[in-house]
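Reviewing the structure listed below.
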Amino acid sequence: MEHLLKGHVALVAGATRGAGRGIAVQLGAAGATVYCTGRTTRTSPSPMNRPETIEETAEMVTRAGGQGIPVQVDHMEPAQVRRLVERIAAEQDGRLDLLVNDIWGGDPLTEWAVPFWEHSLENGLLLHRLAVETHLITSWHAVPLMVEIGRAS
């Protein structure tokens, strides 16, 4: 693949596994620098006992032709997201071209064959936070950086 995104910087929030991992690797194949974020690292395992880590994703990005940078972030914690965006700004001369919000983490809270009113309300509210609030928190912190360079308005 031609390196159409060489010199571009991406943040893939939720890059540990699944679609986020796939998107991160493809951005790497296009030559991008990709910040791969999530909660699961080699030293901080998944609460679901899943083997994938953000370090592995970053290595896959680099093997594909980009530069993968793993950063452990809990996207429900605004201060952690703020520090991530500050780091990107400092390391990339204020550049962030692309944000992919692929945060989930709700697998252990989901009961597929059960009507929602029979689910735990506490788990349902946490699922909502994981699926919606994390994206809002991440966008709120990251998009101003993109606006500064004309990537968003």
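Each residue of the sequence shown is one higher than the last, beginning at 32 in my numbering. All residues carry an ideal CB built from backbone N, CA and C; glycine is no exception.
Would you mind giving the Cβ-Cβ distance between residue i and residue j, rounded to the nearest angstrom? I have them listed as a contact below 8 Å.
i: CYS67; j: ILE54; result: In fact, because the Cβ distance is near 10 Å, the residues do not count as touching under 8 Å.
i: GLU90; j: ARG52; result: Not quite, the Cβ-Cβ distance comes to about 11 Å (not below 8 Å), so this is no contact.
i: LEU167; j: ASN154; result: No, LEU167 and ASN154 are not in contact; Cβ-Cβ is about 20 Å, not under 8 Å.
i: VAL116; j: LEU176; result: 6 Å
Which residue comes first and which comes last in the beta strand (DSSP E) that contains residue i?
i: ILE100; result: 98–103
i: THR64; result: 64–69
i: VAL145; result: Counting along the chain, VAL145 falls outside any beta strand (DSSP E), and DSSP gives it neither H nor E.
i: VAL43; result: 40–44
Could you check whether residue j and residue i sit closer than 8 Å to each other, using their CB atoms as the reference points?
i: THR88; j: ALA46; result: yes
i: GLU33; j: MET107; result: no
i: LYS127; j: LEU42; result: Note on residue identity: the sequence assigns Leu, not Lys, to residue 127. Yes.
i: SER170; j: LEU130; result: yes
i: ALA61; j: ASP133; result: no
By DSSP, does residue i sit in helix, in strand, or in coil?
i: GLY125; result: coil
i: ALA183; result: coil
i: LEU130; result: strand
i: THR77; result: Here residue 77 turns out to be Ser, not Thr, going by the sequence shown. Reduced to three states, the DSSP call for SER77 is coil.
i: GLU33; result: coil
i: PRO5; result: Because the chain here runs from 32 to 184, residue 5 falls outside it and cannot be looked at.
i: SER151; result: coil
i: ALA61; result: coil
i: MET177; result: helix
i: HIS51; result: It is worth fixing the name first, because residue 51 is Gly in this sequence and not His. Of the three classes helix, strand and coil, the one that applies to GLY51 here is helix, per DSSP.
i: GLU108; result: coil
Provide the residue span of the alpha helix (DSSP H) that contains residue i, from first to last.
i: VAL92; result: 85–95
So which of the options has the shortest CA-CA distance to residue i?
i: ILE180; options: ALA162, LEU156, ALA120; result: ALA120
i: LEU58; options: SER77, GLY38, GLU153, GLU122; result: GLY38
i: VAL92; options: LEU176, ALA63, HIS166; result: ALA63
i: GLN103; options: MET177, ALA95, ARG94, ARG113; result: ARG113
i: PRO101; options: VAL56, ALA144, GLY136, GLY125; result: VAL56
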